[in-house]
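Novice: Here it is: the structure, laid out below.
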Amino acid sequence: MVRKYQDRLYRHIQRCVRDPELAKDLTQETWLKAYRGIPGFRGA
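Shown next, in the form of structure tokens:
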């Protein structure tokens, strides 16, 4: 999942914040939050 969406997520965040380093940090934080949320995920 990360490989599939990493670039797309990063580009979206980068367009919003217009700072490449901040976008990298926020992308990692987003994946970490998603990973930590897996146990409570009930499906779509």
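Take the position in the sequence shown, starting the count at 1, then add 18; the result is the number in our numbering. Each residue gets a CB set at the ideal place from its N, CA and C atoms; glycine is no exception.
1. Quick check on the burial criterion: 16 or more other C-beta atoms within 10 angstroms. Buried or exposed for Ala41?
2. At what residues does the alpha helix (DSSP H) containing Pro38 begin and finish?
3. Going by the beta-carbon positions, is the gap between Ile31 and Leu50 smaller than 8 Å?
4. Using the Cα positions of Arg33 and Gly61, report the straight-line distance between them to the nearest angstrom.
Specialist: Answer, in terms of the structure:
1. Taking the first residue of the sequence shown as 1, we reach residue 41 at position 23. Burial call: buried.
2. Residue mapping note: residue 38 aligns to position 20 of the sequence shown, counting from 1. Unbroken alpha helix (DSSP H) run through Pro38: 38 to 55.
3. The sequence position of residue 31 within the sequence shown is 13, counting from 1. The sequence position of residue 50 within the sequence shown is 32, counting from 1. Going by C-beta atoms, Ile31 is not nearer than 8 Å to Leu50.
4. One-based indexing of the sequence shown puts residue 33 at position 15. One-based indexing of the sequence shown puts residue 61 at position 43. Approximately 29 Å, taken between the alpha carbons.
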